[in-house]
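Undergrad: Encoded as structure tokens, here's the structure I'll be asking about.
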Amino acid sequence: MKSLKIITASLALLTLSAGVSASAADMVFTSWGGTTQDAQKASWADKFTAASGTNVLMDGPTDYGKLKAMVEASGVTWDAVDVEGDYAVQAGKNGFLEPLDFAVIDKTRLDPRFVTDHSVGSFYYSFVIGCNSGAVAACPKSWADLFDTAKFPGKRTFYKWSAPGVIEAALLADGVPADKLYPLDLDRAFKKLDTIKSDIIWWSGGAQSQQLLASAEAPFGSFWNGRLTSLAADGLPIETSWDGNITAADALVVPKGAKNKEAAMKFIAYASSPQGQADMAAATGYAPTNLDSPPLMAPDIAKTLPDQQKATQVNSDMNYWAEHRDEIGTRWYAWQAQ
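In my numbering, the protein residues as written are -9 to 328.
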């Protein structure tokens, strides 16, 4: 979620970013900041430290340009990093990541959709349709509904950055079957997006998306599923439609030349373990990537996660996005600026 994303990091993260210095008993985990990294610290880092004695220092936010520069300069200060799934595929092919040690990391029960030679899934989420039912007469149930400004007038909100999700939603709304999405027909997608462009308010981070929905500035739109779960838990009249929910995932990687590679592999092994993934899912509302995690979770929480919503689920093609992310991004930002 994030190559150009502006995500506010905590003061501690900002301090570390100025110059992390890890001892032999330390390692550095870098992620996106905010509530997600708070959950990763509580679910993974603190418990890994207690079990292993290795102190996990937090840094962030993830920055692909910085990762590339560190690798090229042989000055890597990050050990394990949370990145977007398509970036993980691309960076692995381009030589910026260490191959993962699957003698340490047990991949046998990890969801194969989110495993490569250089990465394993951090968590997976779905883009779903959310609606503030207290602010409108009716809520959209499908992507076609969300693109229908006659039936559902008003502002709608979508993810600002070039990433899996919005283009797929536009094509699904235009009638493309889920199994025929790839290769993405960009001309068709942008033509469909043109029909609602003046009604779109873009969100750049999860907290902003929640604010737009809760205030009814944009009473419906496309959201990360966990953000809607959180709003509903706070008592807001939020409706979630899982029809055609579009999956994407973050991934855990080790930069090429990481100084604490052995500790990073053990950390990723813990983070991707059944309990590590169960704890993270319970804390965030995003799905675990370990297939043995759901039985370790409270049933009322487990049933709200994307892995229980597969009937109409649409899987983003991370390999396609890895190959085309730069060219799609160039067109995406040019279109937004028009």
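Glycine included, C-beta positions come from ideal geometry on N, C-alpha and C.
(1) Measure how close the beta-carbons of Ser306 and Thr237 come, nearest whole angstrom, since I'm counting them as under 8 Å.
(2) Taking the runs of the beta strand (DSSP E) that are 3 residues or longer, which of them lie wholly in the segment 181 to 242?
(3) Using only the alpha-carbon positions, how far apart do Trp68 and Tyr149 sit?
(4) Classify Ala205 as buried or exposed, calling it buried when 16 or more other Cβ atoms lie within 10 Å of its own Cβ.
(5) Hey, Asp184 and Leu161: beta-carbon distance below 9 Å or not?
(6) If you draw a straight line from the alpha carbon of Phe293 to that of Thr219, how long is it in whole angstroms?
(7) Buried or exposed for Thr302, going by 16 or more other Cβ atoms inside 10 Å?
(8) Assess contact between the segment 128 to 138 and the segment 261 to 281, defined as three or more Cβ pairs (one per stretch) separated by less than 8 Å. Is contact present?
(9) Figure out for me which residue from Pro209, Arg321, Gln30, Gly43 has the closest Cα to the Cα of Thr139.
(10) Is it buried or exposed for Glu317, if we count other Cβ within 10 angstroms and need 16 for buried?
(11) If you check the beta carbons only, do Met255 and Ala78 fall under 9 Å apart?
(12) Tell me the DSSP bridge mates of Thr147?
(13) Between which residues of its own chain and Trp192 is the CB-CB distance below 8 Å, once the five residues before and five after are set aside?
(14) Sort out for me which residues DSSP pairs Met17 with in a bridge.
(15) Rounded to a whole number of angstroms, what is the C-alpha to C-alpha distance between Gln198 and Trp214?
(16) Buried or exposed: which applies to Asn84, given that a residue is buried once 16 or more other Cβ atoms fall within 10 Å of its Cβ?
(17) Can you tell me whether DSSP reads Phe113 as helix, strand or coil?
(18) In three-state DSSP terms, what is Leu100?
(19) Please name the residue, chosen from Ile119, Pro89, Phe117, that lies closest to Val105 on a Cα-to-Cα basis.
(20) Since Glu74 is in the beta strand (DSSP E), which residue starts that stretch and which ends it?
(21) Taking the alpha helix (DSSP H) that Asn250 falls in, what are its first and last residues?
(22) State the Cα-Cα distance for the pair Ala288 and Ser64, rounded to the nearest angstrom.
(23) Between Met60 and Thr44, what straight-line distance do the alpha-carbon atoms span, to the nearest angstrom?
(24) Which term fits Val94, buried or exposed, when burial requires 16 or more other beta carbons within 10 angstroms of its beta carbon?
(25) Closer than 7 Å by C-beta to Ala221: which residues in its own chain qualify, once you throw out the five before and the five after it? Chain order, please.
(26) Out of curiosity, what's the CA-to-CA distance linking Leu242 and His108?
(27) What's the C-alpha gap between Pro143 and Met17?
TA: With the structure as the only source:
(1) 6 Å
(2) Complete beta strand (DSSP E) runs here, min 3: 190 to 193, 210 to 214.
(3) 28 Å
(4) Residue identity check: residue 205 is Ser in the sequence provided, not Ala. Within a 10 Å sphere around the beta-carbon of Ser205 sit fewer than 16 other beta-carbons, which makes this residue exposed.
(5) no
(6) Reading off the sequence, residue 293 comes out as Lys, not Phe. Spanning the two alpha carbons is a distance of roughly 12 Å.
(7) exposed
(8) no
(9) Pro209
(10) exposed
(11) no
(12) Ile191, Gly211
(13) Thr147, Phe148, Tyr149, Lys150, Gln326
(14) The partner list for Met17 (beta bridge, DSSP) reads Val46.
(15) 12 Å
(16) exposed
(17) strand
(18) strand
(19) Pro89
(20) Boundaries of the beta strand (DSSP E) around Glu74: 70 to 74.
(21) Careful: Asn250 lies outside any alpha helix (DSSP H) and carries neither H nor E.
(22) Rounded to the nearest angstrom, the two C-alpha atoms are 45 Å apart.
(23) 23 Å
(24) exposed
(25) The question names Ala, but residue 221 in the sequence shown is Leu. So the qualifying residues of the chain are Gln200, Leu203, Ala204, Ile228.
(26) 9 Å
(27) 51 Å
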